[in-house]
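Residue numbering for the sequence shown follows our numbering, starting at 45 and increasing by one per position.
First up is the structure itself, then whatever we jot down about it.
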Amino acid sequence: MTVLSMLPTLRDALMHQLNSESLTSLLKNRPANKLEIWEDLKIISFTRSIVAVYSTCMLVVLLRVQLNIIGGYIYLDNVTLGKNGTTPLAPPEVQQQYLSSIQHLLGDGLTELITIVKQAVHKVFGSISLKQTLSLLELEQKLKDIREVVEHKDLDQIASYSPLCHYLMPDEENPLASQACGLTERDIATIKLLNETRDMLESPDFSTVLSTCLNRGFSRLLDNMAEFFRPTEKDLSQNSSVNSVSLPLAKIIPIINGQIHSVCSETPSHFVQDLLMMEQVKDFAANVYEAFKTTQRKIKNYMDIPSCQL
45 MTVLSMLPTL RDALMHQLNS ESLTSLLKNR PANKLEIWED LKIISFTRSI VAVYSTCMLV
105 VLLRVQLNII GGYIYLDNVT LGKNGTTPLA PPEVQQQYLS SIQHLLGDGL TELITIVKQA
165 VHKVFGSISL KQTLSLLELE QKLKDIREVV EHKDLDQIAS YSPLCHYLMP DEENPLASQA
225 CGLTERDIAT IKLLNETRDM LESPDFSTVL STCLNRGFSR LLDNMAEFFR PTEKDLSQNS
285 SVNSVSLPLA KIIPIINGQI HSVCSETPSH FVQDLLMMEQ VKDFAANVYE AFKTTQRKIK
345 NYMDIPSCQL
């Protein structure tokens, strides 16, 4: 399982729930309510590309955490428990069941994220006329305003806890836990991995790493859009820069609408490669794995203590 292999599924889910193509098809027929359709297209286009950035960043970090937790358990199995012929802590079937939990991000979590982002987009862009011009800097500020709404923490939320964790994993225990009767050893092992993952996601370090990823993701989104804000020869003769070029919102809509194909591309793109190569992401994932080595050393030290001292 890799990020690139999952991006087509993510993209298809987004395009299904935020189907801007059906609206553009309607506009080709010059309907009487074209202004209303344009307004819907405005909200949907911004929503789906913004959600694409959020969900891709989440996918990168969550999958890194999960794979390193599995790697840590495999390490423990190989170094400590395997020697004694003990049942593996994370056999392949547990790993598979555990990794399948990422479907929450691609399913219910994504639907809930779309809802909150759509509300934020409507709040920021709802009253802006299609004829109003925006520069790249102004567009950047609008995206910051949307992020502030989406990532806002309620007063009762823990300061170090990212409100975005809700979209990564269910708030409640994994549905397996509700089936208290009839749980198999595999189910119990999977629940343990899920609980450990939840602890990781609720840590201050994870919140920092995800925030750093999102900053990089939205910066890359703006870089992609900057290609369409190039000054003309006339602008260049007046010493204009990319930041001085403004476009009507109606022209920005198709540009932002198409960004999902760059953000959620299954072929290696600058967007995903940037996220995968970020030192903060790699360091956090390495720390997750290192925690298991520390656990193994503690177990070894405990087992080396003479029984008379226990």
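From the three backbone atoms N, C-alpha and C, an ideal C-beta is built for every residue, glycine too.
Starting from Ser179, follow its DSSP beta bridges and name the residues at the other end.
-> Residue mapping note: residue 179 aligns to position 135 of the sequence shown, counting from 1. DSSP, once it has assigned bridges, lists Ser290 as partnering Ser179.
Apart from the five residues just before and just after Val194, which ones in its own chain have a Cβ nearer than 7 Å to its Cβ?
-> Residue numbering aside, residue 194 sits at position 150 when the sequence shown is read from its first letter. Ile160, Val161, Ala164, listed in sequence order.
Runs of alpha helix (DSSP H) wholly within the segment 93 to 154 (minimum 4 residues, chain order) | 136 to 143, 147 to 150
Grab me the residues of Glu156's own chain with a C-beta within less than 8 Å of its C-beta, minus the 5 sequence neighbours each way, in chain order.
-> Numbered from its first residue, the sequence shown carries residue 156 at position 112. Excluding sequence neighbours, Glu156 sits near His210, Tyr211.
Tell me whether Arg74 is buried or exposed, calling it buried when 16 or more other Cβ atoms sit within 10 Å of its Cβ.
-> Counting from one through the sequence shown, the residue named residue 74 turns up at place 30. Exposed is the call here.
Looking only at C-alpha atoms, which of Arg108, Asp267, Ile87 sits nearest to Lys167?
-> Here the question's residue 167 lines up with position 123 in the sequence shown. Nearest C-alpha to Lys167: Ile87.
Every unbroken alpha helix (DSSP H) within the segment 290 to 325, with a cutoff of 4 residues, ordered by chain | 293 to 301, 304 to 307, 314 to 320
Phe250 vs Ser206 beta-carbon contact at 8 Å | By 1-based counting over the sequence shown, the position of residue 250 is 206. By 1-based counting over the sequence shown, the position of residue 206 is 162. It is a contact, given that the beta carbons lie within the stated cut-off.
Just to check, is the beta-carbon of Pro298 closer than 7 Å to a non-hydrogen atom of the ligand PLP?
-> Of ligands this structure carries none, so the ligand PLP is not represented either.
Run of the alpha helix (DSSP H) containing Leu254, from where it starts to where it stops = In the sequence shown, the residue the question calls residue 254 occupies position 210. Note, Leu254: alpha helix (DSSP H), 248 to 270.
Go ahead and pull the three-state DSSP assignment for Met50.
-> Looking up residue 50 in the sequence shown gives position 6. Helix.
8 Å Cβ cutoff met for Val325 and Thr241 = Within the sequence shown, numbered from 1, the residue matching residue 325 stands at position 281. Within the sequence shown, numbered from 1, the residue matching residue 241 stands at position 197. Against a cut-off of 8 Å, the Cβ pair of Thr241 and Val325 comes out as no contact.
Range of the contiguous alpha helix (DSSP H) that encloses Arg63 | For the purposes of this step, residue 63 is identified with residue 19 of the sequence shown, where counting begins at 1. Sequence check: residue 63 is Asn here, not Arg. Where Asn63 is concerned, there is no enclosing alpha helix (DSSP H), given that its DSSP letter is neither H nor E.
Can the beta-carbon of Ser290 be found less than 8 Å from the beta-carbon of Leu174?
-> Here residue 290 is taken as the residue at index 246 of the sequence shown, counted from 1. Here residue 174 is taken as the residue at index 130 of the sequence shown, counted from 1. No; because the gap between Cβ atoms is not below 8 Å, this pair is not in contact.
Does the beta-carbon distance from Ala57 to Leu181 come in below 8 Å?
-> Translated into the one-based positions of the sequence shown, residue 57 becomes position 13. Translated into the one-based positions of the sequence shown, residue 181 becomes position 137. Cβ distance not < 8 Å, so Ala57 and Leu181 don't count as in contact.
Would you give the residue range spanned by the alpha helix (DSSP H) that His196 belongs to?
-> For the purposes of this step, residue 196 is taken as the residue at position 152 of the sequence shown. Taken as a continuous stretch (DSSP letters only), His196 belongs to no alpha helix (DSSP H), as it is neither H nor E.
Got a sec, what are the start and stop residues for the alpha helix (DSSP H) Thr228 sits in?
-> What you label residue 228 is simply residue 184 of the sequence shown in a count that begins at 1. Counting along the chain, Thr228 falls outside any alpha helix (DSSP H), and DSSP gives it neither H nor E.
Is it the case that the Cβ atoms of Ile114 and Gln139 are separated by a distance below 8 Å?
-> Here residue 114 refers to the residue found at position 70 when the sequence shown is read from its first residue. Here residue 139 refers to the residue found at position 95 when the sequence shown is read from its first residue. In contact: Ile114 and Gln139 (Cβ atoms closer than 8 Å).
Measure the alpha-carbon distance for Glu310 versus Val47 and round it to whole angstroms.
-> Here residue 310 corresponds to residue number 266 of the sequence shown, with the count starting at 1. Here residue 47 corresponds to residue number 3 of the sequence shown, with the count starting at 1. Using only the alpha carbons, I get a separation of about 8 Å.
With burial defined as no fewer than 16 other Cβ atoms inside 10 Å of the residue's Cβ, what is the status of Ser351: buried or exposed?
-> What you label residue 351 is simply residue 307 of the sequence shown in a count that begins at 1. Reliability of the predicted coordinates at Ser351 is poor, the pLDDT of 42 falling under 50, and no value is obtained from them.
Do you know how far the Cα of Pro292 is from the Cα of His60?
-> Your numbering for residue 60 matches position 16 in the sequence shown. Your numbering for residue 292 matches position 248 in the sequence shown. Rounded to the nearest angstrom, the two C-alpha atoms are 27 Å apart.
Quick one: is Thr228 buried, meaning 16 or more other Cβ sit within 10 Å of its Cβ, or exposed?
-> Taking the sequence shown and counting its residues from 1, one reaches residue 228 at position 184. Exposed.
If we count Cβ pairs, one from each stretch, closer than 8 Å, do we get three or more for the segment 95 to 102 versus the segment 233 to 240?
-> no
Range of the contiguous alpha helix (DSSP H) that encloses Leu212 = For the purposes of this step, residue 212 is taken as residue 168 along the sequence shown, with counting starting at 1. Counting along the chain, the alpha helix (DSSP H) containing Leu212 begins and ends at 209 to 212.
Measure the Cβ-Cβ separation of Ser66 and Ser89 and say whether it is below 8 Å.
-> Taking the sequence shown and counting its residues from 1, the one referred to as residue 66 is at position 22. Taking the sequence shown and counting its residues from 1, the one referred to as residue 89 is at position 45. Against a cut-off of 8 Å, the Cβ pair of Ser89 and Ser66 comes out as no contact.
Taking the alpha-carbon positions, what's the Val97 to Asp231 distance?
-> Locating residue 97 in the sequence shown gives position 53, where the first residue counts as 1. Locating residue 231 in the sequence shown gives position 187, where the first residue counts as 1. Cα to Cα, Val97 sits roughly 33 Å from Asp231.
Environment of Leu71 [buried if 16+ CB atoms lie within 10 Å] = Residue numbering aside, residue 71 sits at position 27 when the sequence shown is read from its first letter. So Leu71 counts as exposed.
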